[in-house]
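*Asks:*
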Amino acid sequence: QKEVEQDPGPLSVPEGAIVSLNCTYSNSAFQYFMWYRQYSRKGPELLMYTYSSGNKEDGRFTAQVDKSSKYISLFIRDSQPSDSATYLCASGGSQGNLIFGKGTKLSVKP
Amino acid sequence: GAGVSQSPSNKVTEKGKDVELRCDPISGHTALYWYRQSLGQGLEFLIYFQGNSAPDKSGLPSDRFSAERTGGSVSTLTIQRTQQEDSAVYLCASSPPKGSYEQYFGPGTRLTVT
Numbered sequence: 015q016k017e018v019e020q021d022p023g024p025l026s027v028p029e030g031a032i033v034s035l036n037c038t039y040s041n042s043a044f045q046y047f048m049w050y051r052q053y054s055r056k057g058p059e060l061l062m063y064t065y066s067s068g069n070k071e072d073g074r075f076t077a078q079v080d081k082s083s084k085y086i087s088l089f090i091r092d093s094q095p096s097d098s099a100t101y102l103c104a105s106g107g108s109q110g111n112l113i114f115g116k117g118t119k120l121s122v123k124p
Numbered sequence: 143g144a145g146v147s148q149s150p151s152n153k154v155t156e157k158g159k160d161v162e163l164r165c166d167p168i169s170g171h172t173a174l175y176w177y178r179q180s181l182g183q184g185l186e187f188l189i190y191f192q193g194n195s196a197p198d199k200s201g202l203p204s205d206r207f208s209a210e211r212t213g214g215s216v217s218t219l220t221i222q223r224t225q226q227e228d229s230a231v232y233l234c235a236s237s238p239p240k241g242s243y244e245q246y247f248g249p250g251t252r253l254t255v256t
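Line by line, the protein sequences are chains A and B.
FYI, the numbering used here numbers position 5 of the first sequence as 19, with every residue one higher than the one before it.
FYI, the numbering used here numbers position 21 of the second sequence as 163, with every residue one higher than the one before it.
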């Protein structure tokens with residue numbers, strides 16, 4: 015079992031929809047959780063990160079971590095065509111390196 | 143400020159040749175990471191440098207891969223005797239001083255081994 019699992023999609027939604035992206039992780043020692051956005055042929059861009067459990071909101075984006083179920087979520091409200099990208103979740107412990115999911119490819123249709 | 147930069151952006155090499163990939167981290171960042179991203183795969187951790195500590199090399203796939211970090215700043219990833227399976231995008235990331243967990247990525251080097 016991979017340490018971070020993510021449905022690769024693709025996921026296609028109409029403009030304005032609420033998007034829910036999800037990951038699960040297996041290592042109880044993971045303490046911090048990241049979401050990255052990656053456009054085609056570009057490096058990953060850090061969107062949000064949270065430490066331990068709880069919610070974090072930034073504009074149209076909300077990150078949620080439930081450590082009891084080892085579940086990580088990213089919600090995008092009022093999705094825009096410019097949100098079309100691959101979204102990568104990542105988790106890590108104290109040792110430094112992140113373990114990434116394979117990414118979910120999102121397409122927002124105008 | 144300037145982000146993480148990597149060079150070259152693209153590299154095509156013949157099987158068996160050695161290649162060097164360069165990473166310039168964000169100024170003031172103490173941690174530097176190398177990852178590999180293959181088509182259809184997630185990011186695979188390769189190596190991690192934190193300040194003056196010994197690097198964590200646990201992700202290097204074989205002894206053909208090595209990395210250096212000079213003066214706590216610029217890093218070079220070297221792949222010797224390249225193989226076709228080494229074809230991938232090699233990504234570098236840096237982090238602020240210890241206690242911050244966010245990693246900021248460069249644009250990557252796309253390596254193609256023919």
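The C-beta atom is built at its ideal place from N, Cα and C for all residues, glycine as well.
Every value quoted in this text rests on a predicted model; they were computed, and no experiment measured them.
Please list, in chain order, the chain E residues whose beta carbon lies closer than 7 Å to that of Phe114 (chain A).
*Replies:* No chain E is present in this structure, whose protein chains are A and B.
*Asks:* Measuring CB to CB, does Val255 (chain B) end up less than 9 Å from Gln226 (chain B)?
*Replies:* Cβ distance < 9 Å, so Val255 (chain B) and Gln226 (chain B) count as in contact.
*Asks:* Exposed or buried, which one is Gln94 (chain A) when buried takes at least 16 other CB atoms within 10 Å?
*Replies:* Its Cβ having fewer than 16 others within 10 Å, Gln94 (chain A) is exposed.
*Asks:* Helix, strand or coil for Asp97 (chain A)? Go by DSSP, reduced to three states.
*Replies:* If DSSP states are grouped into helix, strand and coil, Asp97 (chain A) belongs with the helices.
*Asks:* Taking CB distances under 9 Å as the criterion, tell me whether Lys126 (chain A) reaches chain B.
*Replies:* The displayed coordinates of chain A run from 15 to 124. Any statement about residue 126 (chain A) would go beyond what the structure contains.
*Asks:* Given a cut-off of 9 Å on the beta-carbon distance, is the pair Ala99 (chain A) and Val18 (chain A) in contact?
*Replies:* No, they are not a contact pair.
*Asks:* Identify, in the order they occur along the chain, each residue of the same chain with its Cβ nearer than 7 Å to the Cβ of Ile113 (chain A), setting aside the five sequence neighbours on each side.
*Replies:* Answer for Ile113 (chain A): Glu17, Val18, Ala104, Ser105, Gly106, listed in chain order.
*Asks:* Using a Cβ-Cβ distance cut-off of 9 Å, determine whether Val27 (chain A) contacts chain B.
*Replies:* No, Val27 (chain A) does not count as interfacial toward chain B.
*Asks:* With a 10 Å radius around its C-beta and 16 neighbouring C-beta atoms as the bar for buried, classify Tyr85 (chain A) as buried or exposed.
*Replies:* It is exposed - the Cβ of Tyr85 (chain A) has fewer than 16 other Cβ atoms within 10 Å.
*Asks:* Taking the C-alpha atoms as reference points, what is the distance between Leu188 (chain B) and Gly201 (chain B)?
*Replies:* Each residue's Cα considered, the two are about 4 Å apart.
*Asks:* Looking only at its chain, what residues have a beta carbon closer than 7 Å to the beta carbon of Val154 (chain B), apart from the 5 residues adjacent to it on each side?
*Replies:* Taken in chain order, the residues that qualify are Thr254, Thr256.
*Asks:* Once DSSP output is grouped into helix, strand and coil, what is the label at Gln183 (chain B)?
*Replies:* Looking at Gln183 (chain B) - three-state DSSP - the assignment turns out to be coil, as it is neither helix nor strand.
*Asks:* Could you tell me which residues DSSP puts in a beta bridge with Gln192 (chain B)?
*Replies:* Answer is B:Ala173, bridged to Gln192 (chain B).
*Asks:* Roughly how many angstroms separate the alpha carbons of Leu60 (chain A) and Tyr243 (chain B), rounded to a whole number?
*Replies:* Roughly 11 Å separates the two Cα atoms.
*Asks:* I believe Val216 (chain B) touches Arg252 (chain B) by the beta-carbon criterion, under 8 Å. Please report the beta-carbon distance rounded to the nearest angstrom.
*Replies:* About 20 Å; that fails the 8 Å criterion.
*Asks:* Determine the chain B residues that contact Leu88 (chain A) at a beta-carbon separation under 9 Å, and present them in chain order.
*Replies:* Correct list: empty, because the minimum Cβ distance to chain B is about 15 Å.
*Asks:* Just checking, does the region 24-36 of chain A make contact with the region 75-92 of chain A on the three C-beta pairs under 8 Å criterion?
*Replies:* These segments touch.
*Asks:* What residues in its chain sit with their C-beta under 7 Å from that of Leu233 (chain B), if we drop five residues either side in the sequence?
*Replies:* The answer, listed in chain order, is Tyr177, Gln179, Leu185, Phe247, Gly248, Gly250.
*Asks:* Taking a cut of 7 Å between CB atoms, which residues from the region 242-253 of chain B lie near chain A?
*Replies:* Under the 7 Å Cβ criterion, the region 242-253 of chain B contributes Tyr243, Glu244, Gln245, Tyr246, Phe247, Gly248, Pro249, Gly250.
*Asks:* Val161 (chain B) and Thr212 (chain B) look like a contact to me (Cβ under 8 Å); what is the Cβ gap, rounded to whole Å?
*Replies:* No, Val161 (chain B) and Thr212 (chain B) are not in contact; Cβ-Cβ is about 18 Å, not under 8 Å.
*Asks:* Could you tell me if Asp228 (chain B) is buried or exposed, where buried requires 16 or more neighbouring beta carbons within 10 angstroms of its beta carbon?
*Replies:* With 16 or more Cβ atoms within 10 Å of its Cβ, Asp228 (chain B) is classed as buried.
*Asks:* Among A:Tyr46, A:Gly57, A:Thr76, which one has its Cα closest to the Cα of Ser67 (chain A)?
*Replies:* Of the candidates A:Tyr46, A:Gly57, A:Thr76, the one whose C-alpha sits nearest the C-alpha of Ser67 (chain A) is A:Tyr46.
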